[in-house]
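Student:
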Amino acid sequence: METNFPIEKAIISLINCYKNLVTKNMRPLGLYPGQDLILLELLKEDRIAQNQLVVALCVDHSTIAKSISRMLKSGLVRTEKSTKDKRITLVSLTPKGTALAKQVEEIWQKAEQNATADMSDEEQRLFIEMIDHIIKNINQQ
Numbered sequence: 002m003e004t005n006f007p008i009e010k011a012i013i014s015l016i017n018c019y020k021n022l023v024t025k026n027m028r029p030l031g032l033y034p035g036q037d038l039i040l041l042e043l044l045k046e047d048r049i050a051q052n053q054l055v056v057a058l059c060v061d062h063s064t065i066a067k068s069i070s071r072m073l074k075s076g077l078v079r080t081e082k083s084t085k086d087k088r089i090t091l092v093s094l095t096p097k098g099t100a101l102a103k104q105v106e107e108i109w110q111k112a113e114q115n116a117t118a119d120m121s122d123e124e125q126r127l128f129i130e131m132i133d134h135i136i137k138n139i140n141q142q
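My numbering puts the first residue of the sequence shown at 2, with every later residue one more than the last.
#1: Is DSSP giving Glu124 helix, strand or coil here?
#2: Where do the N-terminal and C-terminal ends of the alpha helix (DSSP H) with Ser63 fall, by residue?
#3: Out of Asn140, Ser70, Tyr19 and Arg28, point me to the one whose CA is closest to Gln104's CA.
#4: Which of the three DSSP states, helix, strand or coil, is assigned to Leu32?
#5: For Leu94, write down the residues that DSSP places opposite it in a beta bridge.
#6: Is Ser93 near Asp47, with beta carbons less than 7 Å apart?
#7: Use the C-beta contact count for Ser70: other C-beta atoms within 10 angstroms, 16 or more gives buried, fewer gives exposed.
#8: Take the Cβ of Ser68 as the centre, count every other Cβ of all protein chains shown within 10 Å, and call the residue buried at 16 or more, exposed below.
#9: Sort Gln125, Asn140 and Lys111 by Cα distance to Leu22 and report the nearest one.
#10: What does the alpha-carbon distance come out to for the pair Val78 and Gly98?
#11: Can you tell me whether DSSP reads Ile49 as helix, strand or coil?
#12: Check whether the Cβ atoms of Gln51 and Thr90 sit closer than 7 Å, and answer yes or no.
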C-alpha cells in the first residue's frame, strides 16, 4: 500500500528499527531506558553538573533526577555538591559505571556499523546532511 507520507514513514521506520536493534542488545545489561545515554555522556565528560545532562540529552530535569537516583542505587554513579555552588549536583561514574558505559559504547558502535554497512563515507556524509536539513526545516516551524 502506497503511503501519502513517505518521509514520515521512512523516518519512523528507521527510528523503530534502530531503537529495536539497540534495545535488544542493551536489555541484558539491565539498564532502564535512557540510562545508556547518561552513561555515554558521563564517559565522554565525567563529573558534570546534573543540569548539563538535562541540556545534553534534551530531557526534563525530573527524568534525569529519577535516572540518576536509580543509577546511584545500582552503584553506577556517585553525586556530590559543587564546592563553588552548593545548588549544583555533580555526577560522575563509579568504576562499575565506567565498565558498563564502555559496554554501552560498544553496543552503540556495533549498531552504527550495522546500520551503515555497505555505505560509502560519501553516502554516510550525505545521509547526515539530509537529516540535518530535515531537522533544520522542522525546527523553523
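Beta carbons: idealized from backbone N, C-alpha and C, even for Gly. Given the structure is predicted, the values throughout are model-derived calculations rather than measurements.
Tutor: Reading it off the structure:
#1: DSSP places Glu124 in helix when its eight states are reduced to three.
#2: Element bounds for Ser63: His62 to Lys74.
#3: Per the C-alpha coordinates, the member of Asn140, Ser70, Tyr19 and Arg28 positioned closest to Gln104 is Arg28.
#4: Here Leu32 sits in coil by DSSP.
#5: As computed with DSSP, Leu94 is found in a beta bridge with Val78.
#6: Taking 7 Å as the Cβ cut-off, Ser93 and Asp47 qualify as a contacting pair.
#7: Counting the other CB atoms within 10 Å of its CB gives Ser70 a total below 16, which places it among the exposed residues.
#8: Counting Cβ neighbours within 10 Å, Ser68 comes out buried, since at least 16 surround it.
#9: Comparing C-alpha distances from Leu22 to each of Gln125, Asn140 and Lys111 shows the shortest one belongs to Lys111.
#10: The straight-line gap from Cα to Cα measures roughly 6 Å.
#11: In the displayed model, Ile49 falls within a strand according to three-state DSSP.
#12: Going by C-beta atoms, Gln51 is nearer than 7 Å to Thr90.
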